[in-house]
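Visitor: Here's a structure for you.
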Amino acid sequence: MRIGVDARLMYYQPAGISRYTWHLLQALAELDSEDEFVVFQQRNHKTPLIQQANFRRATLFAPVHHRLEQSMLMAELLRFRLDLLHSTDFIPPLYSPVKSVITVHDLAFLHYPHFLTATSAAYYGQIDKAVSHAAHVIVPSEHTKQDLIAQLGVPGDQVSVIYEAANPLFGPLPVETTRQAVCAQYGLPERFVLAVGTIEPRKN
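Each residue of the sequence shown is one higher than the one before, starting from 0 at the first, in numbering that gives the first Met the number 0.
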């Protein structure tokens, strides 16, 4: 089976969805040595993300989140003859005959549209077409699954809850000794607030 993974966003933004995509690719490389994976990277992203016999890097000219993205993707993907494409950034190629699986991380853009730029609003405004076009939808939580069902009418059997691929360094640690070590290392008081995420208005 020839499976495409859209990793173009990784060139532009090293956080969030890009980290998810990176660790997903690493896990797929460990688990699957038989299927062929085509990893689509932005043309200036020169280094292959995965160096393994059944993985190959391919470049696309289609710009991420751009008004020309859909038409360019449809044309560019034809030559790869994919059996399946995983779009990790919500929106698949909507007019491509290639079967697609998408990851919908949340629907914050529907609940808080006032935080979106015009470009983002145009991109995420395709979400209803995306979930209709996709053969299957991956979400990270039961909450997002229920949100998809309620907000967009996606059939429950079309959605799978799969935790987002995380860095293997994350895991259970002894709470008290770890807290003391972190406080000592960073000069923190006994009580503090830890916020993990990019600095954006919507990440209150």
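Virtual Cβ for every residue (Gly too), placed ideally from N, Cα, C.
Rounded to whole angstroms, what's the CA-CA distance from Q12 to Q157? Just pull it up for me.
Guide: Walking along the sequence shown from the start, residue 12 turns up at place 13. Walking along the sequence shown from the start, residue 157 turns up at place 158. Cα to Cα, the separation comes out at about 29 Å.
Visitor: Who does A133 pair with in a DSSP beta bridge?
Guide: Numbered from its first residue, the sequence shown carries residue 133 at position 134. BP columns for A133 are empty, so no partner.
Visitor: In angstroms with no decimal places, state the Cα-to-Cα distance between G155 and I148.
Guide: By 1-based counting over the sequence shown, the position of residue 155 is 156. By 1-based counting over the sequence shown, the position of residue 148 is 149. Spanning the two alpha carbons is a distance of roughly 7 Å.
Visitor: Would you mind sorting H85 into buried or exposed? The rule is 16 or more other CB atoms within 10 Å of its CB.
Guide: For the purposes of this step, residue 85 is identified with residue 86 of the sequence shown, where counting begins at 1. By the neighbour-count rule (16 or more Cβ atoms within 10 Å), H85 is buried.
Visitor: For the putative contact between V100 and A133, defined by C-beta atoms under 8 Å, what is the C-beta separation to the nearest angstrom?
Guide: Taking the sequence shown and counting its residues from 1, the one referred to as residue 100 is at position 101. Taking the sequence shown and counting its residues from 1, the one referred to as residue 133 is at position 134. Right, their Cβ atoms sit about 6 Å apart.
Visitor: CB T87 to CB T143, shorter than 8 Å?
Guide: For this step, residue 87 is matched to residue 88 along the sequence shown. For this step, residue 143 is matched to residue 144 along the sequence shown. In this structure, T87 lies away from T143, with their beta-carbon atoms at least 8 Å apart.
Visitor: Going by alpha carbons, who is nearest to A57 out of K128, L24 and D5?
Guide: Translated into the one-based positions of the sequence shown, residue 57 becomes position 58. Cα-wise, what sits closest to A57 is D5.
Visitor: Pick helix, strand or coil for T87, following the three-state DSSP scheme.
Guide: One-based indexing of the sequence shown puts residue 87 at position 88. For T87, the secondary structure class from DSSP, reduced to helix, strand or coil, is coil.
Visitor: Which term fits G3, buried or exposed, when burial requires 16 or more other beta carbons within 10 angstroms of its beta carbon?
Guide: Against the sequence shown, residue 3 aligns to sequence position 4. Classification for G3: buried.
Visitor: For L27 versus Q40, is the C-beta spacing smaller than 8 Å?
Guide: By 1-based counting over the sequence shown, the position of residue 27 is 28. By 1-based counting over the sequence shown, the position of residue 40 is 41. The answer is no: Cβ separation not under 8 Å.
Visitor: By alpha-carbon positions, which one of T197, G196 and Q179 ends up nearest to R190?
Guide: One-based indexing of the sequence shown puts residue 190 at position 191. It is Q179.
Visitor: Which residues share a DSSP beta bridge with H3?
Guide: As a working note, residue 3 is residue 4 in the sequence shown. A quick correction: the sequence has Gly, not His, at residue 3. The partner list for G3 (beta bridge, DSSP) reads V37 and L84.
Visitor: Pull up the distance between the alpha-carbon of D127 and that of V160, whole angstroms please.
Guide: For this step, residue 127 is matched to residue 128 along the sequence shown. For this step, residue 160 is matched to residue 161 along the sequence shown. Pairing D127 with V160, the inter-Cα distance amounts to about 19 Å.
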